[in-house]
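Chains F and R, in that order, are what the protein sequence lines are. Note that the first sequence covers residues 1 to 475 in the numbering used here. Note that the second sequence covers residues 1001 to 1504 in the numbering used here. In what follows, a single structure is set out as structure tokens and then discussed.
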Amino acid sequence: MSITDFLTMRHEVLLTILAILILIIDLNLKKEQKHYIIPIVLCLFMVHVIIGFLPAEGGVLFGGMYKTSALTMMMKNILNVGVMIILFQSNGWLRKPDNQEKMSEYFILLFSTLIGMYFMISSGDFLMFYLGLELATIPMAALAAYTHHQSRSAEAGIKLILSSALSSGILLFGLSLIYGTTGSIYFDKIGEVFTNSPLQILAFIFFFTGMAFKISLVPFHLWTADVYEGSPVNVTSYFSVISKGAASFIFVIILFTVFHSISYLWKDIVYLIAVSTMTVGNLFAMRQKNMKRFLAFSSIAQAGFILLGILGGNVLGMTSVIYFVLVYIFSNLGAFGVVAAISAATGKESMDDYDGLYATNPKLSLLMTLSMFSLAGIPPVAGFFGKFFLFTAAASGGYYWLVFIAVLNATVSLYYYLLVVKAMFINKNETPLAHFKSDFLTRVGLVSCMLGIFVLGFWSQIYEIINSLSIGITF
Amino acid sequence: MNILSLFVLIPVLTIVGILFTKDYKQTRVVSAIGMGIQLVLAGLLIYLYLAERNAGNTAAMLFTYDTVWFPTLNIHYSVGVDGISVAMIGLTAIVVFAGIFASWMVTFLSREFFISLILLSSGVFGFFISLDLFTMFLFYEVAVIPMYLLIGIWGSGPKEYSAMKLTLMLMAGSALILVGLLGIYFNSAPGGGQLTWNIQQIARIQIPIQMQRFLFPFTFIGFGILGALFPFHTWSPDGHASAPTAVSMLHAGVLMKLGGYGAFRVAMYLMPEAAQEQAWIFIILTSISVVYGAFGAIWQKDLKYINAYSSVSHCGLVLFAVLMMNQTAMNGAVIQMISHGLMTALFFALIGMIYGRTHTRMINEMGGLMKVMPFLGVAWVIGGLASLGLPGLSGFVAEMTVFVGAFQHTDVFHRTVTILATSSIVVTAVYILRVVGALLFGPIKDDHFLQLDDAKWYERFSTITLIVSIAAIGLAPLWLSDMIGSSLVPMVEKITGMSIAGLF
């Protein structure tokens, strides 16, 4: 492997090395030294993140199976930043006595799924895409069942593996039909020959359904809430942010490149799914009392908004989806970070426990409020810009009524986001959660979310960079 | 540094300053200093503006500053003012300043209170200076959202319900506005070329008429919700009644004006053809607002509800006048915005002060307050007289101009609605005088009222600031109406499609 090849796929190579390194280091640590693995992994991953940002040319490897460009590198870097924050936020929870034994497993499983996502994003054909998808999914089930002594966590793992197996089966069937009708598995080739013959449309629908399962779009969302609720908080935040973000990235890429010839067809489907996803996600989120379930349904609704950008079907759409995911990572991790910190310190996860939180933990409440505003799309925080650009992308395609439905949905979502704010600031509580101070690394994670929420919107440079990279994508 | 950007920067700096304060005494002093500077700055702006105009500068917008923000979408940070926005900035500065003093005794979470209040005001200032639809929308939402916390935490009565209702209804309004703005943006270059968010640039082109027909209702109703357009006014009585004093002042005084301002600056100015076609629907709705609000006020027993319904009526009059689409009526609309802003702020301030002493807002439980608190009583009478349109105070100037303008239309429809709307003046007199009688005169119903004291210095300060402004407009309306009128000319020309330059 030459140096240029390494630079082309440095994300994958480095992270694989990192995962193996963790295994070796973990073997050599004595039992009472196990917790040293956390700072070691954080430092190593930080190096990985920084190397990821070094400039590089795109390239093609393995005869077209693996393609990378500045845009896909950007996507991977965005995921990296999100994972970095999650690692910071996991610190307090990982140090609990229950998890002492298996800290390194957490990292290895997490990184394996991340490698899978890298390959998925960089795939140049459906084989690599499918491999990446599976690599991203299977360790995730293990992560969901990480606290396996709790029956709910084990249940989440089983639910995830079963539903992903089903969706993978559906997806694979679609892929086999695509191969059968076009004679190729390469994105470029398929894009040239794909038409609207009935069998190919059937193939597309199977593919679409499989992907909808992964991104948890309505009506394929039912696994989400249970899995999110059962998994440990930090794993849930990984699901709802990183995994969803990666799946959205590849979904956009494939829709825009492989299936662009039948865009008139998938736009109708995406339209319907977007409306139902936003609406159903919102209606369910309103009634949730458990914070994790609440955020699960809110993230379903957010996925509906992402579809709006996809509908734009142009550079604007691509840019707005990537930008939105970036903003969403920070806003949602802010919310999950607070939930995780409170859960780690007190074990409470219900919205009622948050009553009067501002009196005892003002900083956490403030971050939670900002995250909620950002998720709801209220200026001046970044979420406003993310949503606004998604709407702009949809409006550029002339979908004014859809934008209207979406903005009304955003208003509905504001209702339940404000319920959290109301609980913390307004609701009276004789015995609010006691004041506590999170550990240093968790606070670093939380503060970086807060910075991201504030800076990303005003700093137009980021949007422009994403836009300039998106222009390269072929249609 | 552009002088207009200071209007956003100073509130932000004040907020930063508040973060470093230790107790409520320091907080309120810092807030007062910040908003005092803002008031001086607003006075300076009016002076500079008039000086510039007198020197013969006829550009539509003065003190402009423009810098690209998001090049891909051609989003700019673009500011500039004409006579209308200068007047609105002056109004905002006065009301916010008076509001700070009216909330002098907020001790519960005072830092958070003043931060939210000043954040809200920065949104309002930003809205009035914006020439770019994107930043305008951004500031609009910044102005709306702190309301939730302000009412929810420091409010009274069913505050959680009211706060949620108000926030969601206004956000639904902004949903409509957003669709309208996106539509305007994507149709801002019908002949091809660079799309733009800039209001002045869009005003030079004509948006295709089919799109106008589709987009105008979105934009107008969206802004109309904030301007208490019937039947979307229901957030206003609940919201105002539950809000703490300064928030009611700011909301009824300034925030509702965002609706009227946006309705003609964005909806009508940019889509004049559709505005003319569809005006009759909205004229009917606004006449209902005007009359229904006035009648609604008669039935209420709670002082805040009375004033909130009266705001629905008066703000309805603003939209009514705007829809009349001629120079005189629109001039009246802007004066009415300013006059009502000052009046209603005065009323809400007085209600807050009276409530702080009597601990009730029900008029049937009070009486004879003139004897125990003469200062507040006199201030109330002045506000009431302004509200029912006594010559010499601002209300008369505004309503007179509006109705004269509206009556310039010679067709039956316009004249009928004008006559109907005029009837609200009579109804206004009824509820104002009824309250004055029940509240200030007659026997004292509760003996402990006798121990109550009159206004403190900060309350007097707040009240006098507002009364002086009301009287100033009432006694010398011409400088204001000239300032507004000359800026209205290009807008009215665009909206009516006729040249009226010779008239002014």
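Here a beta-carbon is modelled for each residue, glycine too, at the ideal position from N, C-alpha and C. All values derive from a computational prediction rather than experimental measurement.
Closer than 8 Å at the C-beta level to chain F, one finds these residues of the stretch 1175-1203 of chain R: Ala1175, Leu1176, Leu1178, Val1179, Leu1182, Gly1183, Tyr1185, Phe1186. Beyond the five residues adjoining it in sequence on each side, Phe1403(R) comes within less than 6 Å, by CB distance, of Thr1422 in the same chain, given in chain order. In the structure shown, Thr1360(R) falls within a coil segment according to DSSP collapsed to helix, strand and coil.
The beta carbons of Phe389(F) and Ser320(F) sit about 4 Å from each other, so the pair counts as a contact at 8 Å. Boundaries of the alpha helix (DSSP H) around Trp1280(R): 1272-1299. At a cut-off of 8 Å, the C-beta of Ala1274(R) has no neighbouring C-beta in chain F. Contact residues of the stretch 1063-1094 of chain R toward chain F are Trp1069, Phe1070, Pro1071, Thr1072, Leu1073 (C-beta to C-beta distance below 7 Å).
Interface flag for Val403(F) against chain R is set, since a Cβ pair is found closer than 8 Å.
For Lys428(F), no Cβ of chain R is located within less than 8 Å of the residue's own Cβ. Pairing Leu367(F) with Val339(F) gives a Cβ-Cβ distance that is not under 8 Å. Bounds of the alpha helix (DSSP H) holding Ile178(F) are 151-182. Cβ-Cβ separation between Ile1084(R) and Ile1425(R): approximately 25 Å, too far for a contact (criterion under 8 Å).
Of all residues in the stretch 1125-1142 of chain R, those with a C-beta nearer than 7 Å to a C-beta of chain F are Leu1138, Glu1141, Val1142, reading in chain order.
Nearest Cα to Gln150(F) within the set Glu229(F), Ile161(F), Gln89(F), Ser176(F): Glu229(F).
Taking C-alpha positions only, Leu1388(R) is separated from Thr346(F) by approximately 59 Å. Phe324(F) is outside the set of residues whose beta carbon lies under 8 Å from a beta carbon in chain R.
Residue-level contact check: Met1164(R) touches chain F, since one or more beta carbons of chain F fall below 8 Å from its beta carbon. Interface criterion met: the Cβ of Leu414(F) is under 8 Å from a Cβ in chain R. Runs of the alpha helix (DSSP H) lying entirely within the stretch 417-445 of chain F, each at least 4 residues long, are absent. If you look at Gly1080(R), you'll find it in the beta strand (DSSP E) that goes 1075-1081. When the beta-carbon positions are compared, Leu1150(R) and Ala1241(R) stay at least 8 Å from each other.
Note on geometry: alpha-carbon atoms of Ile329(F) and Ile1209(R) lie some 41 Å from one another.
As summarised for the stretch 1350-1426 of chain R, the continuous alpha helix (DSSP H) elements at least 4 residues long and confined to that stretch are 1369-1372, 1374-1387, 1394-1407, given in chain order.
Contact note: Phe425(F) reaches chain R through Leu1149, Gly1152, Ile1153, using a C-beta cutoff of 8 Å and chain order. With a cut-off of 8 Å on Cβ pairs, the stretch 1287-1294 of chain R is not in contact with the stretch 1153-1161 of chain R, counting fewer than three such pairs. The Cβ atoms of Glu1493(R) and Met1353(R) do not sit closer than 8 Å to each other. Secondary structure within the stretch 1210-1257 of chain R: the alpha helix (DSSP H) runs of 4 or more consecutive residues, fully enclosed, are 1235-1242, 1245-1250 (chain order). The criterion of a C-beta distance shorter than 8 Å is not satisfied by Ala376(F) and Gly452(F).
Phe220(F) and Phe1214(R) have their C-alpha atoms spaced approximately 35 Å apart.
Taking the Cβ atoms as the reference, Thr1418(R) lies roughly 4 Å from Ala1406(R), within the contact range of under 8 Å. With respect to the 8 Å criterion, Ile1335(R) and Val1397(R) are classified as neighbours on the basis of their beta carbons. Boundaries of the alpha helix (DSSP H) harbouring Lys76(F): 70-94, taken from the DSSP string.
The closest CA to that of Thr1463(R), considering only Ala1189(R), Lys1165(R), Val1378(R), is found on Val1378(R). A residue is called buried when at least 16 other Cβ atoms come within 10 angstroms of its Cβ; Thr1058(R) does not meet this threshold and is exposed. Within the model, the alpha-carbon separation for Leu1475(R) versus Ala1098(R) is close to 21 Å. In the DSSP annotation of this structure, the continuous segment of the alpha helix (DSSP H) that includes Val1012(R) starts and ends at 1003-1019.
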